[in-house]
Amino acid sequence: MNIIILSIFAASVFSIEGLGQDQKIFRTPFYGQLTTAQIEFSLIPEFTILNKGTAIRGLFWTNPFFLNLKIPVYRGLMFSFGTQERYNQSFDIYSKIENLEMYARGRGSIEEIYLQLNQRLNFAEIFFSGSYLYGSSMEIWNYAIGSYYISDTFSYRYNGRALSAGLQLFFLSCYYEGLGRLNMEKAESDTIYDLSQVLGFGIEHRLKDWNLSLFFEHSFGKEINTVNRLKIIGQKNNIGLSYAYNPWYLNRIQEHSIGFIYKLALKNFAKVFIKPDIGLRIKSELREFVFIPELKLVLEEVFARRKK
Numbered sequence: 148m149n150i151i152i153l154s155i156f157a158a159s160v161f162s163i164e165g166l167g168q169d170q171k172i173f174r175t176p177f178y179g180q181l182t183t184a185q186i187e188f189s190l191i192p193e194f195t196i197l198n199k200g201t202a203i204r205g206l207f208w209t210n211p212f213f214l215n216l217k218i219p220v221y222r223g224l225m226f227s228f229g230t231q232e233r234y235n236q237s238f239d240i241y242s243k244i245e246n247l248e249m250y251a252r253g254r255g256s257i258e259e260i261y262l263q264l265n266q267r268l269n270f271a272e273i274f275f276s277g278s279y280l281y282g283s284s285m286e287i288w289n290y291a292i293g294s295y296y297i298s299d300t301f302s303y304r305y306n307g308r309a310l311s312a313g314l315q316l317f318f319l320s321c322y323y324e325g326l327g328r329l330n331m332e333k334a335e336s337d338t339i340y341d342l343s344q345v346l347g348f349g350i351e352h353r354l355k356d357w358n359l360s361l362f363f364e365h366s367f368g369k370e371i372n373t374v375n376r377l378k379i380i381g382q383k384n385n386i387g388l389s390y391a392y393n394p395w396y397l398n399r400i401q402e403h404s405i406g407f408i409y410k411l412a413l414k415n416f417a418k419v420f421i422k423p424d425i426g427l428r429i430k431s432e433l434r435e436f437v438f439i440p441e442l443k444l445v446l447e448e449v450f451a452r453r454k455k
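Just so you know, we're using the working numbering here: the sequence shown kicks off at 148 and counts up by one.
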């Protein structure tokens with residue numbers, strides 16, 4: 148019998164492996180006809196329920212606040228920078244298998260600071276981006292067999308980098324991320340990870356009143372399993388729908404999700420995006436339902452007002 152007890156603050160139980168859950172997927176690097184400066188504030192909480200027999204899970208809230216800034220510079224040249232979460236490995240679980248009891252807690256994430264340049268050329272757009280990765284985490288593992296107890300504590304520090312570039316031509320786009328390395332420092336030893344390379348493709352098409360987008364990502368590397376991801380988005384006026392298939396780089400984890408998009412304009416200076424997303428994560432007999440009610444505020448013309 149395997150029991151997983153409710154935890155108030157806990158991440159996806161699947162993030163217990165490796166670097167944890169990969170957060171950088173389906174992030175569009177192209178900005179289109181951007182003419183005014185924008186500053187974005189994103190709030191992304193996550194709620195999960197794990198199901199396996201009598202197993203349940205509780206609330207997870209992973210570094211939910213992100214800040215991004217986009218600034219048009221000159222003749223289609225755009226500069227942007229910001230912060231975002233790259234990997235998350237936070238968990239809090241209790242399990243019991245026959246006479247073995249285990250209580251594991253982990254807290255930590257790997258953050259990303261990026262700088263990006265986009266150049267718009269009539270019907271084309273190119274971008275180059277560099278990222279610095281940093282973070283820390285701590286794990287506490289407690290085991291009990293009868294009256295015998297074992298407790299281990301592990302601390303980790305991370306630093307690394309990644310580079311990416313891409314081209315958008317008419318309704319087609321292609322982007323690549325590579326040269327990513329991450330150094331993990333722990334007691335008396337260091338480990339260097341070669342991060343996965345990502346090759347992505349996008350297609351955009353207008354069908355009557357709907358703008359349709361299709362994204363495909365191929366993630367591969369020596370130390371990380373090869374996976375193929377797919378996302379479809381349909382938008383009409385201020386609403387949109389999406390479906391995503393996201394197999395994790397961790398072994399045998401599949402994820403399907405559907406999302407709703409609603410855009411609300413606040414006069415002439417801001418937009419609010421409400422993007423609730425519902426997903427199902429599957430690994431063997433485990434089923435994890437996830438709800439992510441993302442909220443994004445985009446302030447426009449903060450640094451450059453239009454001339455009347």
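Cβ atoms here follow ideal geometry from the backbone N, Cα and C, with glycine treated the same way.
What you are looking at is a predicted structure, and each value in this text was computed from that prediction instead of being measured.
With three or more CB-CB distances shorter than 8 Å, the stretch 280–292 counts as touching the stretch 245–262.
In this structure, the straight-line span from the alpha carbon of I244 to that of L442 is close to 40 Å. According to DSSP, residue pairing for D356 in a beta bridge does not occur. A residue is called buried when at least 16 other Cβ atoms come within 10 angstroms of its Cβ; V419 does not meet this threshold and is exposed. In chain order, R308, A309, L310 place their CB closer than 8 Å to the CB of L326, counting only its own chain and leaving out the 5 sequence neighbours on each side. Just so you know, the alpha carbons of E232 and G282 end up roughly 10 Å apart. Collapsing the DSSP output to three states places K217 in a strand.
By the C-beta criterion, the stretch 353–364 is judged not to be in contact with the stretch 209–224, since fewer than 3 inter-stretch pairs fall below 8 Å. Residues E351, I380 of the same chain have their beta carbon placed closer than 6 Å to that of S360, with the five preceding and five following residues left out of the count.
Sequence-distant partners of Q401 (beyond 5 residues in either direction) whose C-beta falls short of 6 Å from its own C-beta, in its chain, are P394, I429. If one requires a minimum length of 3 residues, the beta strand (DSSP E) runs lying completely within the stretch 300–386 are 319–333, 336–341, 344–354, 357–367, 374–383, in chain order. When the beta-carbon positions are compared, M331 and Y305 come within less than 7 Å of each other. In the structure shown, Y392 falls within a strand segment according to DSSP collapsed to helix, strand and coil.
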